[in-house]
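Student: Supplied in structure tokens, the structure appears directly below.
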Amino acid sequence: ALTRKGDGRYYLLDSLEDTDDGFARQIAGALRPSAKNVKVQIEFNPKRVGRYKLLGFEKHRLEPEDFRNDKVDAGEIGAGHEVTALYEVKLADEKTRGTIATVRFRYARPENEGSGAPDVREIAKGFRARDMSSRLERASAHFRLDAAVAEFAEILRGSYWAKESSLTDVLPVARSAARDLRTEAADEFVHLVEKASQLSTTSAPDER
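When you line the sequence shown up against the working numbering, it's residues 5 to 212, in that order.
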């Protein structure tokens with residue numbers, strides 16, 4: 005709450021290793037915002053999408069009418085940082101063609117701050133059925149890792165939407181993405197899922 009009110013950023017440090025140069029670079033990026041008051045709005049085509057669900061961001065959601073209200077505060081994106089929002093979507097028809105959703109991105113340029121009215125930019129792009137991968141295995145490694153992280157979080161929080169999923173379903177997706185990415189963060193996530201899976205198996209009640 006404090007960082008949100010102060011347009012700041014917070015971090016969780018698990019160990020001394022987390023205070024390495026990578027963390028220092030993140031702090032440096034946070035001190036140099038590349039976009040302020042960043043808002044993202046996705047408008048789904050009701051003829052193409054039966055239902056949808058945003059994963060996470062419960063404390064960051066805005067009312068639709070606040071998207072273009074620049075008096076409503078939103079987040080900042082630092083230099084070299086990325087923000088990912090995942091939606092779970094059920095198509096109205098498996099043979100859907102055409103535009104599924106329109107994504108709008110609105111932000112203020114920080115270099116013009118204090119020189120009068122803020123320089124606000126808005127970008128819109130349509131997302132079509134042909135932009136989707138037909139199978140998860142064909143999606144990019146970054147997307148597969150993001151999907152595995154989101155499913156892992158939903159399972160740990162006991163989400164109704166993940167009641168048919170298990171940690172053993174997450175592991176192969178995470179391992180495949182980690183093999184392609186070859187990053188320390190991806191490998192560490194695989195280790196976390198493996199450890200959680202082991203703990204879940206160990207603590208399972210005896211049904212004899």
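Beta carbons: idealized from backbone N, C-alpha and C, even for Gly.
Taking the alpha-carbon positions, what's the residue 177 to residue 48 distance?
Tutor: Near 27 Å, if we compare the C-alpha coordinates of residue 48 and residue 177.
Student: In or out: residue 63 buried (at least 16 other Cβ within 10 Å) or exposed?
Tutor: exposed
Student: Return the chain-ordered list of same chain residues with a C-beta closer than 8 Å to the C-beta of residue 172, the five sequence neighbours on each side being excluded.
Tutor: 201
Student: If you draw a straight line from the alpha carbon of residue 150 to that of residue 67, how long is it in whole angstroms?
Tutor: 25 Å
Student: Here's a check: name, in chain order, each residue in its chain whose Cβ is nearer than 7 Å to the Cβ of residue 76, leaving out the five neighbours to either side.
Tutor: 66 and 70
Student: For the putative contact between residue 78 and residue 53, defined by C-beta atoms under 8 Å, what is the C-beta separation to the nearest angstrom?
Tutor: Residue 78 to residue 53, Cβ: 24 Å. No contact.
Student: Please list, in chain order, all residues of the same chain as residue 146 whose beta carbon is under 8 Å from its beta carbon, the five residues on each side excluded.
Tutor: 181 and 185
Student: CB-CB under 6 Å to residue 109, same chain, minus the five flanking residues each way: which ones, in chain order?
Tutor: 44 and 127
Student: Using only alpha-carbon positions, find the residue among 88, 59 and 55 that is nearest to residue 94.
Tutor: 55
Student: I need the DSSP call for residue 164, collapsed to helix, strand or coil.
Tutor: helix
Student: When you compare the CB positions of residue 104 and residue 132, do they come within less than 8 Å of one another, or not?
Tutor: Cβ atoms of residue 104 and residue 132: closer than 8 Å.
Student: Looking at residue 166: is its Cβ nearer than 8 Å to the Cβ of residue 155?
Tutor: yes
Student: Is residue 108 a contact residue of the ligand FAD, with contact defined as CB to any heavy atom under 7 Å?
Tutor: This structure simply doesn't include the ligand FAD, nor any ligand for that matter.
Student: Would you decide whether residue 61 is buried or exposed? Buried here means 16 or more other CB atoms lie within 10 Å of its CB.
Tutor: The residue in question, residue 61, is exposed, as its Cβ has fewer than 16 Cβ neighbours within 10 Å.
Student: With H, G and I counted as helix, E and B as strand and the rest as coil, what does DSSP make of residue 63?
Tutor: helix
Student: Which parts of the stretch 138 to 164 are runs of the alpha helix (DSSP H), unbroken and 4 residues or longer, counting only runs that do not cross its ends?
Tutor: 145 to 160
Student: What runs of the beta strand (DSSP E), each 3 residues or longer, lie entirely inside the stretch 87 to 112?
Tutor: 90 to 95 and 103 to 112
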